[in-house]
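Working notes, structure below.
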Amino acid sequence: MNILVTGSAGFIAGYLVEELLQRGHSVVGIDNYSKYGPVEKSYDHHPHYHFVQGDVKDSKLLKELIAGCDQVVAIAAMIGGITYFHEYAYDLLAENERITAATFDAAIWARQHKKLQKINVLSSSMVYESTAVYPSPEGEQLCCPPPLSTYGFQKLACEYFAKGAWEQYQLPYTIIRPFNCVGTGERRAKNKKEILSGNVKLAMSHVVPDLVQKILKGQDPLHILGAGNQIRHYTYGGDLAEGIALCIENEQAVNEDFNLSTPVSTTVLELAEAIWNKVKGDKPFRYVTDTPFVYDVQKRIPAVEKAKNLLGFEAKSDLNVMLDEVIPWIKEQMKSGNM
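Per our numbering, the sequence shown starts with residue 848, numbered consecutively.
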């Protein structure tokens, strides 16, 4: 297939584009480099990859790119870790709504006038922000109270865009919810805000790179947001890319939604100690707890059976193996001034 990937220079997209090319697809990528600035990818010169630097909200450009595509993967968004939810509460809602609407407008047009078969929407585990049901199955987002954060609410809105576009324009869709992606590719976000955690400026990204850089920079005791008993499911970017590719390729994914995640629960404290031991060796693990952010969800535990049963997808990568890949990469990014 010929597949348009929006936000193709981003974190998860980096794994996905590589996976799609390996599976024999052609990929058109678009990104405006708004988060990290220009980023080089290993596949930049692949003969079946065509990249355009541009804004997804440019409807004329997006229609040109989507006109020859069989499917689109809507990844472009303002996205980051917990600090983003609080520092950019309005922008996350407003900018992501503009991006979502522009992408769906182009997809509906391409479905009606060109050959587009389906839109694949990257949602988020944050649609389950207010749930009390664990593991949280697909469909729970329709039963639990709506998310409290503007980011979670907007991600839920993305799913309603898919619902509306199908009901009115018969645009087929697949909704994809990744859980806590871990891998290489995250850098310090390009923004004017600086957030301190103890004596270290955060990358304003996700928990793994922030913990790794704090430990590498010698923070002792380590500062942890909240009590550290928050439960997450840290899922390798390569696994997520495989799951997304299966969502694209498998006909059983049409008009369905999937949690893509490892089945393994890990607390933030367990994660922090694992990173500490890999960096510090036998040095005793010491930490202090800081006041948590308001929207620091205490549990994110997905049900993963649907993706296994319908797609044959399982995320099997071990957290220790992920950290062995990520820690050296972050160390290099720090040397280069990117963290």
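Glycine included, each C-beta is placed from N, C-alpha and C at the ideal position. Owing to the predicted nature of the structure, the values given are computational and were not obtained by experimental measurement.
Integer Cβ distance of residue i from residue j, believed to fall under 8 angstroms
i       : j       : result
SER971  : GLY999  : 7 angstroms
TYR1020 : ALA1009 : 4 angstroms
VAL1055 : VAL1029 : 5 angstroms
THR1136 : GLY1075 : 6 angstroms
LEU863  : ALA1088 : 5 angstroms
THR1082 : ASN1027 : 6 angstroms
GLN959  : MET848  : About 19 angstroms separates the two Cβ atoms, so there is no contact after all.
THR853  : ALA921  : 6 angstroms
Through-space distance from residue j to residue i, alpha-carbon basis
i       : j       : result
GLY876  : ILE1095 : 16 angstroms
VAL1126 : GLU865  : 29 angstroms
ARG945  : PHE1105 : 24 angstroms
GLU887  : CYS916  : 24 angstroms
LEU969  : LEU963  : 18 angstroms
ALA923  : GLU976  : 21 angstroms
GLY884  : ASP878  : 10 angstroms
ASP902  : GLY1128 : 45 angstroms
SER1092 : ASP1086 : The question names Ser, yet the displayed sequence has Ala at residue 1092. C-alpha separation (whole angstroms): 10 angstroms.
LEU1072 : LYS1146 : 14 angstroms
ALA948  : ALA1121 : 41 angstroms
TRP1176 : LEU1063 : 12 angstroms
GLY1032 : GLY857  : 8 angstroms
VAL1151 : ASP1143 : 22 angstroms
ASN967  : LEU912  : 16 angstroms
SER889  : LEU867  : 13 angstroms
HIS872  : ALA914  : 16 angstroms
PRO1110 : ALA936  : 30 angstroms
VAL1168 : GLU942  : 35 angstroms
LYS1061 : ALA1119 : 10 angstroms
LYS961  : GLY1084 : 32 angstroms
TYR1007 : ILE1022 : 10 angstroms
GLN1180 : HIS897  : 26 angstroms
LEU995  : GLY927  : 17 angstroms
GLU1103 : HIS893  : 31 angstroms
Residue nearest to residue i in terms of C-alpha spacing, selected from the options
i       : options                            : result
ILE1148 : CYS916, ILE1078, ALA1088           : ILE1078
ASP1067 : VAL1115, PRO993, PRO1131           : PRO1131
PRO984  : LEU1158, LYS1153, SER1183          : LYS1153
ASP938  : LEU1069, THR997, GLY1032, ILE1174  : THR997
ASN1124 : GLY1065, ALA1162, ASN1185, GLU1014 : GLY1065
MET925  : LEU1069, ILE913, HIS933            : HIS933
PRO1025 : GLU1172, GLU1161, GLN1180, PRO1175 : GLU1161
MET973  : LEU912, VAL852, CYS1005            : CYS1005
LEU909  : TYR1081, ASP952, ASN967, GLU1103   : ASP952
SER839  : LEU995, TYR880, VAL1141            : Nothing about residue 839 can be read from this structure; the chain reaches only from 848 to 1186.
HIS1080 : GLU1117, LYS1061, LEU1069, HIS1070 : GLU1117
VAL1101 : LEU1018, ASP905, LYS1155           : LEU1018
SER906  : GLY871, THR930, THR950, ASN1167    : THR950
ASP1165 : GLY1159, VAL1173, LEU1158          : VAL1173
LEU1003 : LEU940, ALA957, TRP956, LYS1061    : LEU940
VAL1115 : ASP1057, LYS1182, ILE859, PRO994   : ASP1057
ALA860  : LEU995, ASN1097, LYS1182, GLY1090  : GLY1090
Any chain B beta carbon closer than 8 angstroms to residue i
i      : result
SER983 : Of the protein chains in the structure, only one exists, and it is not chain B.
Residue i classed as buried or exposed, judged by whether at least 16 other C-beta atoms fall within 10 angstroms
i       : result
HIS1053 : buried
ARG1133 : exposed
CYS990  : exposed
LYS965  : buried
VAL874  : buried
SER1108 : buried
ALA979  : exposed
GLU987  : buried
GLN1001 : buried
GLN1099 : exposed
GLU1014 : exposed
ALA954  : buried
HIS895  : exposed
ASP891  : exposed
PRO982  : buried
PRO992  : exposed
LYS882  : buried
GLN900  : exposed
HIS1070 : buried
GLY1184 : exposed
VAL1141 : exposed
GLN869  : exposed
GLY1159 : exposed
TYR931  : buried
ASP1171 : exposed
Residue i Cβ short of 7 angstroms to the ligand ADP heavy atom set
i       : result
SER1183 : With respect to the ligand ADP, the structure shown offers nothing to examine, as it has no ligands at all.
Could you tell me which uninterrupted beta strand (DSSP E) segments, each at least 3 residues in length, are contained entirely in the segment 1099 to 1128, listed from first to last along the chain? Counting only runs of 3 or more residues that sit fully inside the segment 1099 to 1128, the beta strand (DSSP E) segments are 1103 to 1107, in chain order.
Run through the segment 906 to 985 for me and flag every whole beta strand (DSSP E) of 3 or more residues, listed as ranges in chain order. Listed in chain order, they are 918 to 921, 965 to 969.
Taking only runs of the beta strand (DSSP E) that begin and end inside the segment 1050 to 1101, which ones reach a length of at least 3 residues, in chain order? Assignment of beta strand (DSSP E) within the segment 1050 to 1101, counting only whole runs of 3 or more residues, yields 1069 to 1072 in chain order.
Just list the alpha helix (DSSP H) runs in the segment 1134 to 1158, keeping only unbroken ones of 4 residues or longer that don't cross its boundaries, in chain order. Complete alpha helix (DSSP H) runs here, min 4: 1152 to 1158.
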